[in-house]
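Read through the structure below, which is laid out as structure tokens, and then see the notes.
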Amino acid sequence: MIDIHSHILYGVDDGSKDASTTQNMLALAYAEGIRTILATPHYHTGMSPALAEKKQRVFEITKILAQITAPDFQLFLGGELYFSSATIQALDKGLAPTLNQTPYVLIEFPVYIEFSYIMRAVQDLQNAGYWPILAHIERYLALKSQQNIAELSDLGALMQVNASTLIGGGKMPRFLFKCMKQGLIDLIATDAHGINHRPPEIQDTILLLDKKIGKTLREEMTELKPKKVIKGEVIK
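Note that our numbering has the sequence shown beginning at 53, numbered continuously upward.
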């Protein structure tokens with residue numbers, strides 16, 4: 053399992069609060085079968101350079117903690133970008149992070165944003181040379197339509213779903229399973245924020261996905277496509 057959306061760096065956003073929490077998150081993630089984590093702390097345009105420096109320092113420490121947890125545990129750095137009119141300029145200036153210094157960018161929006169705004173954001177990012185991944189698409193009212201998701205997918209945007217969303221039944225998991233069978237969901241990630249709140253757990257989701265959509269398709273979303281994101285390889 054490769055987790056491409058995680059707030060495991062401590063003291064830099066609303067994720068892990070301290071080094072002890074991060075260490076516990078790493079231990080839990082490894083026990084859940086996760087072997088690679090892409091740390092994606094929140095980024096808003098206008099954040100101070102001092103915070104960016106702190107993220108880098110905490111990332112280096114967390115890499116050491118990951119190695120202490122297990123020698124085969126890998127950690128990479130990225131960010132979850134709250135999209136605005138200034139995001140592309142921040143990316144071009146190197147202020148906003150891409151995922152592991154690849155063209156991939158993990159983007160989030162306000163829950164109630166209009167579909168047309170998401171479409172323009174995707175197109176503007178692509179025109180600027182970036183490859184957008186839409187974070188936790190299940191949250192957006194505009195993406196509760198399979199047609200809208202398909203339209204964005206046709207443009208080349210990638211869709212990420214949180215693992216915890218798929219557990220527990222209900223309309224949303226059924227809708228997402230249907231989208232997966234149509235090839236409209238690309239990535240499953242934990243979006244982990246701590247031990248008690250949205251922990252880095254994935255095994256129950258993996259077992260459910262293997263049952264609902266099959267192991268081959270599930271592996272594409274949890275292993276094969278995430279590996280291409282880390283390497284900066286094109287996902288068709």
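Beta carbons are placed, not taken as given, at the ideal position from N, Cα and C, and that holds for glycine.
Computed from a predicted structure; not experimentally measured.
Residue(s) in a DSSP beta bridge with residue i
i    : result
S58  : A91 and A244
L129 : A91
L210 : I185
Candidates the options, of which the one nearest residue i by Cα
i    : options                   : result
E112 : Q126, S100, M99 and P101  : Q126
A244 : G181, N214, I265 and A102 : N214
Q234 : G67, I120 and Q198        : Q198
I89  : T97, M77, K196 and G98    : M77
L210 : I247, F167 and V157       : V157
Q119 : N179, Q75 and K106        : Q75
H57  : D256, D176 and S216       : S216
L193 : V163, E203, A102 and P123 : V163
K145 : L218, P225 and G98        : G98
E132 : K107, G220 and K230       : K107
I5   : L228, H249, Q178 and Q153 : Given a span of 53 to 288 for the chain in the structure shown, any question on residue 5 remains unanswerable.
C231 : Q255, T242, M273 and G220 : M273
L61  : I219, I116, M224 and R87  : I116
I189 : I219, G220 and M224       : M224
T114 : K280, L186, S100 and K69  : K69
A148 : S100, R109 and Y169       : S100
L103 : R191, K267 and G63        : G63
Terminal residues of the beta strand (DSSP E) in which residue i lies
i    : result
I237 : I237 -> no beta strand (DSSP E), and no H or E assigned at all.
M77  : Here M77 belongs to no beta strand (DSSP E); instead the alpha helix (DSSP H) covers A71 to A83.
I185 : W183 to L186
Neighbourhood of residue i by C-beta distance below 6 angstroms, restricted to the same chain and skipping five residues each side
i    : result
R270 : L261 and D262
E253 : E84
F135 : I159, F161 and A173
L129 : A91 and F111
Cut-off 7 angstroms between Cβ atoms - residues of its own chain near residue i, not counting five sequence neighbours on either side
i    : result
D65  : H59, P93 and H94
P155 : G181, Y182, W183 and G284
E275 : M53 and I54
T20  : Outside the modelled stretch of the chain, which goes from 53 to 288, sits residue 20, for which no answer is possible.
P278 : I54, I56 and L239
F167 : A194 and N200
I86  : M53, D55, P252 and I254
N- and C-terminal bounds of the alpha helix (DSSP H) containing residue i
i    : result
Q113 : Here residue 113 is Ile; the residue named in the question, Gln, does not match the sequence. Here the alpha helix (DSSP H) through I113 covers P101 to T121.
L259 : Q255 to K264
V281 : K277 to K283
T268 : K267 to E271
Proximal residues to residue i (C-beta, below 8 angstroms), its chain only, five neighbours per side dropped
i    : result
L80  : I247, P251, P252 and E253
L236 : Q198, I201, A202, S205 and M211
L207 : M171, V174, Q175 and Q178
I265 : F229, M232 and K233
L218 : P225, L228, F229, I240, T257, L260 and L261
>> Going residue by residue through the stretch 132 to 166, where are the continuous alpha helix (DSSP H) segments of at least 4 residues, counting only ones entirely within it?
In response: 139 to 144
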